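Here's the structure we're looking at; comments come further down.
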Amino acid sequence: MTLFYIVLSTLAGGLLSVLVAASLTLALLGRIVRHLVSLSVGVLLGTALLHVLPEAFESKVEPQRLFATLLGGLMFFFLLEKAELYRHGHHHEGDDPHHHHGHGFDAEQAGRGGWSVLVGDSIHNFCDGIIIAAAFLADTQLGLVTSLAIIAHEIPQEVGDYIVLLNAGFSRRKALLYNAISGLASVAGGVLGYFVVGPWEALFPYLLVAASSSFVYVAVADLLPQLQRRLPLRSTLAQLGWIAAGLSLVTVVKALMPAG
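Convert by adding 3 to the 1-based position in the sequence shown; the result is the number in this note's numbering.
What follows is the structure, given as structure tokens:
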């Protein structure tokens, strides 16, 4: 059953994001994804700081080693993004739908940028699959909450990548197809993680901390900066409301799901 949960969870994020992108216009996507960014912040930080890290620190591993792993993870994802291999591709906060340029992409770079974001997204999805597998192997309840965090982040990320691919000259059909194929890398990571990580139970605390470093990095380095702009009070309160909704969502899901 654990492998089934892993495959189902790794498929969910990619499929949902493709369905969202396929069913909505670019203008509507921009309005919806803007709120999903705030929701993702709450889900990612809530999952990392309230659930995954506490689970890791309940192990017998020395806290200094786990904190060192957290620091190393944050630096790893920083360097990986520097190398343009861990792009998160959010291109929606107020962008012109005819000229999306997130993370340095502009029109003359668009073709190369489209393939670059697909490669980066596949690597990102593969890492997410391993994270999901490690979480499910540690505890079913933790796996479900971790999957929720990744799915919440995947939808705005994949929609952003979809917009980049359209700007790079891909047809709507090809952009959706390549996004779906990229999402399968998460399944590959999940299955590999199940068979490779499973026998090494002693590594679980370190893998959970590494997963937390990914969530914290994405939320703090990639998502929160998009929300840090001068906005009317009503819009700021809406952002806080969506972040609070994300925090509440992970708490409620964990409370409702049986441990295993």
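We put the CB at the ideal spot given by N, CA and C, even for glycine. All figures in this text were calculated on a predicted structure; none of them were measured in a lab.
Checklist entry - Ordered along the chain, which non-local residues of its own chain (more than five positions away) have a Cβ less than 6 Å from that of Gly45? => result Taking the first residue of the sequence shown as position 1, residue 45 is located at position 42. Correct list, in chain order: Ile246, Gly249, Leu250.
Next on the checklist: Can you give me the C-alpha to C-alpha distance between Val21 and Asp164, rounded to a whole angstrom?
Outcome noted: Reading the sequence shown from its first residue, position 18 is the one you call residue 21. Reading the sequence shown from its first residue, position 161 is the one you call residue 164. Cα-Cα distance, rounded: 11 Å.
Checklist entry - Can you give the Cα-Cα distance for His94 and Lys63, rounded to whole angstroms? => result To locate residue 94, count along the sequence shown from 1; it is residue 91. To locate residue 63, count along the sequence shown from 1; it is residue 60. Residue placement at His94 is flagged as unreliable, the pLDDT there being 43, under the threshold of 50; the coordinate-derived value follows with that caveat. Each residue's Cα considered, the two are about 42 Å apart.
Next on the checklist: Could you tell me the alpha carbon to alpha carbon distance between Gly16 and Leu47, rounded to whole angstroms?
Outcome noted: As a first step, residue 16 must be located in the sequence shown, where it is residue number 13. As a first step, residue 47 must be located in the sequence shown, where it is residue number 44. In a straight line, the C-alpha of Gly16 is about 14 Å away from that of Leu47.
Item to check | C-alpha distance - Leu3 paired with Leu226, whole-angstrom precision | outcome: Residue 3 cannot be examined here, being either before or after the span of the chain that is shown, 4 to 263.
Checklist entry - Got a sec? Which residues, its chain only, sit under 7 Å from Phe60 by beta carbon, not counting five neighbours each side? => result Taking the sequence shown and counting its residues from 1, one reaches residue 60 at position 57. Within its own chain, the residues whose Cβ lies closer than 7 Å to the Cβ of Phe60, once the five positions on either side in sequence are excluded, are Pro66, Leu69, listed in chain order.
Item to check | Test item: CB-CB of Gly132 and Ser189 under 8 Å | outcome: Here residue 132 refers to the residue found at position 129 of the sequence shown. Here residue 189 refers to the residue found at position 186 of the sequence shown. Yes, the pair counts as a contact, with Cβ atoms nearer than the cut-off.
Checklist entry - Which of the three DSSP states, helix, strand or coil, is assigned to Gly249? => result The residue you call residue 249 lines up with position 246 of the sequence shown. Three-state DSSP puts Gly249 in a helix.
Item to check | Asp164 - containing alpha helix (DSSP H), residue span | outcome: Along the sequence shown, read from residue 1 onward, the residue named residue 164 stands at position 161. Looking at the DSSP string, the run of the alpha helix (DSSP H) that includes Asp164 is 143–170.
Next on the checklist: Using only CA atoms, which one of His54, Ala191, Ala155, Ala205 lies nearest to Leu39?
Outcome noted: The residue given as residue 39 occupies position 36 in the sequence shown. Residue nearest to Leu39 within the set His54, Ala191, Ala155, Ala205 is Ala155 (criterion: CA-CA distance).
Checklist entry - Is there contact here, the region 178–194 with the region 78–85, by at least three beta-carbon pairs under 8 Å? => result No, they do not touch.
Item to check | Contact belief for Leu206 with Val212 at Cβ below 8 Å, rounded distance in angstroms | outcome: One-based indexing of the sequence shown puts residue 206 at position 203. One-based indexing of the sequence shown puts residue 212 at position 209. Contact annotation, Leu206 with Val212: C-beta distance approximately 11 Å; criterion of less than 8 Å not satisfied.
Checklist entry - My guess is that Leu168 and Ala178 are in contact by the Cβ rule of under 8 Å, so how many angstroms apart are they, rounded? => result Here residue 168 refers to the residue found at position 165 of the sequence shown. Here residue 178 refers to the residue found at position 175 of the sequence shown. Right, the Cβ-Cβ distance comes to about 4 Å (below 8 Å), so this counts as a contact.
Checklist entry - By Cβ distance, which residues of its chain are closer than 8 Å to Ala241, with the 5 residues on each side in sequence left out? => result Translated into positions along the sequence shown, residue 241 becomes position 238. For Ala241, same chain residues with a beta-carbon under 8 Å away, outside a window of 5 residues either side, are His38, Ser41 in chain order.
Next on the checklist: On the DSSP letters alone, give me the boundaries of the alpha helix (DSSP H) that Arg232 sits inside.
Outcome noted: Numbered from its first residue, the sequence shown carries residue 232 at position 229. That residue, Arg232, is in no alpha helix (DSSP H); it is neither H nor E in DSSP.
Next on the checklist: So Thr149 and Thr50 are supposed to be a Cβ contact under 8 Å. How far apart are they, rounded?
Outcome noted: Position 146 of the sequence shown, counted from the first residue, corresponds to residue 149. Position 47 of the sequence shown, counted from the first residue, corresponds to residue 50. With 8 Å as the limit, Thr149 and Thr50 qualify as a contact, their Cβ atoms being about 6 Å apart.
Checklist entry - If we count the other Cβ atoms within 10 Å of its Cβ and call it buried at 16 or more, is Pro202 buried or exposed? => result To locate residue 202, count along the sequence shown from 1; it is residue 199. Burial call: exposed.
Item to check | CA-to-CA distance, Leu140 to Leu266, given in whole angstroms | outcome: The shown model of the chain, from 4 to 263, leaves out residue 266, and the question about it has no answer.
Item to check | Integer Cβ distance of Leu145 from Glu58, believed to fall under 8 Å | outcome: Start at 1 with the first residue of the sequence shown, and residue 145 comes out as number 142. Start at 1 with the first residue of the sequence shown, and residue 58 comes out as number 55. In this structure Leu145 is in contact with Glu58, their Cβ atoms being roughly 6 Å apart against a cut-off of 8 Å.
Item to check | Where the alpha helix (DSSP H) through Leu19 begins and ends | outcome: For this step, residue 19 is matched to residue 16 along the sequence shown. Where Leu19 is concerned, the enclosing alpha helix (DSSP H) stretches over 5–26.
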